[in-house]
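Quick note: the sequence shown uses my numbering, first residue 61, plus one each step.
Every residue gets a Cβ at the ideal spot worked out from N, C-alpha and C, and that includes glycine.
If you're wondering where the values come from, they're calculated on a predicted model, not measured in any experiment.
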Amino acid sequence: MTEEFWAQYKKKKDLTQTNIIWKNVYLTVLFMKILQIADGIRQDQIREKHPDELYAICRTDNNYWRHYRASPKLTIDELSMMICREVGCDLAYCQNLMWKPKTPNQNIGDCMDQYHNFRDCIIREKKMFRSIVGNIDTKANPMAIPDYLEKHFKEKEALKRQRQMMGGDEEELKARIRKMDEESSMLKAKLIDTTEFKNKKEKIVMGEKEEKYM
């Protein structure tokens, strides 16, 4: 959440886990700072709000987020953070519960599962972007990242509407959603340039025809 939080959290953890815990931790700090800016929440106000309220604010796709991801100045770190925002919200929620448990008996040992989920998402989305777009010069093409994000969130919104049309038990629905997300991610990761594939296929077919008539 803040530098103060991370200092105390780091002190609490076993020093043998330091390299695992703090690798790429700056992304989490960046995420929380952007959350504060996005919703006008000061650092002192965060401590006053209920964890559930902060979680709801975090997951809301408001005008600020839409305006922010349309900026031509975005970096690949910010791109991955935008896509992984909801996973980051889970981490932020866990951290808030460590500071302010909802019940006296609630005890959150650590947030390592949420942290690793967020970190894995960040790494995965960076690889995804590079595999689809390639090593593009974002200075020469500043709209590459905003265009990529716009397409991603349009597809996400369409999928959300499909989910709303689905029936069945809530747990079954959640299972379907997880399965669809996994299949969607796997499909997206396997995207290739179909133009090059078609050209190669046509050359092979033409070569076979020439051999047939020789």
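Please name the residue in the options whose C-alpha comes closest to that of residue i.
| i | options | result |
| --- | --- | --- |
| residue 125 | 177, 206, 191 | 206 |
| residue 175 | 133, 130, 132, 146 | 146 |
| residue 130 | 194, 204, 197 | 204 |
| residue 110 | 178, 152, 208, 188 | 152 |
| residue 155 | 212, 144, 128, 172 | 172 |
| residue 199 | 134, 213, 223 | 134 |
| residue 220 | 121, 202, 108 | 121 |
| residue 113 | 160, 195, 128 | 160 |
Rounded to the nearest angstrom, what separates residue i and residue j at their Cα positions?
| i | j | result |
| --- | --- | --- |
| residue 253 | residue 192 | Confidence at residue 253 is low in this model, with a pLDDT of 47, below 50, so the placement of that residue is unreliable and no value is reported for it. |
| residue 210 | residue 165 | 43 Å |
| residue 141 | residue 150 | 13 Å |
| residue 182 | residue 138 | 9 Å |
| residue 180 | residue 225 | 30 Å |
| residue 184 | residue 190 | 10 Å |
| residue 148 | residue 132 | 23 Å |
| residue 108 | residue 201 | 43 Å |
| residue 30 | residue 143 | Here the chain covers residues 61 to 274 and nothing more, so residue 30 does not appear. |
| residue 195 | residue 163 | 49 Å |
| residue 188 | residue 157 | 32 Å |
| residue 212 | residue 218 | 10 Å |
| residue 117 | residue 123 | 12 Å |
| residue 286 | residue 197 | Examination of residue 286 is not possible in this model, given that the chain is present from 61 through 274 alone. |
| residue 362 | residue 127 | Outside the displayed range of the chain (61 to 274) lies residue 362, so it cannot be described from this structure. |
| residue 82 | residue 170 | With a pLDDT of only 40 at residue 82, under the threshold of 50, the placement of this residue in the model should not be trusted; the figure read from the coordinates follows. Approximately 14 Å, taken between the alpha carbons. |
| residue 208 | residue 115 | 26 Å |
| residue 84 | residue 119 | For residue 84, the pLDDT reaches just 41, beneath the cut-off of 50, and the residue's location in the model is therefore unreliable, although a value from the coordinates is still provided. Rounded to whole angstroms, residue 84 to residue 119 spans 22 Å at the Cα level. |
Just confirm the distance between the C-beta atoms of residue i and residue j, as a whole number of angstroms; I'd bet it's less than 8 Å.
| i | j | result |
| --- | --- | --- |
| residue 136 | residue 216 | That pair is no contact at about 19 Å. |
Of all Cβ atoms in chain B, is any one closer than 9 Å to the Cβ of residue i?
| i | result |
| --- | --- |
| residue 217 | This model lacks chain B altogether; it includes just one protein chain. |
Whole beta strand (DSSP E) runs in the segment 104-169 with 3 or more residues, listed along the chain?
-> none
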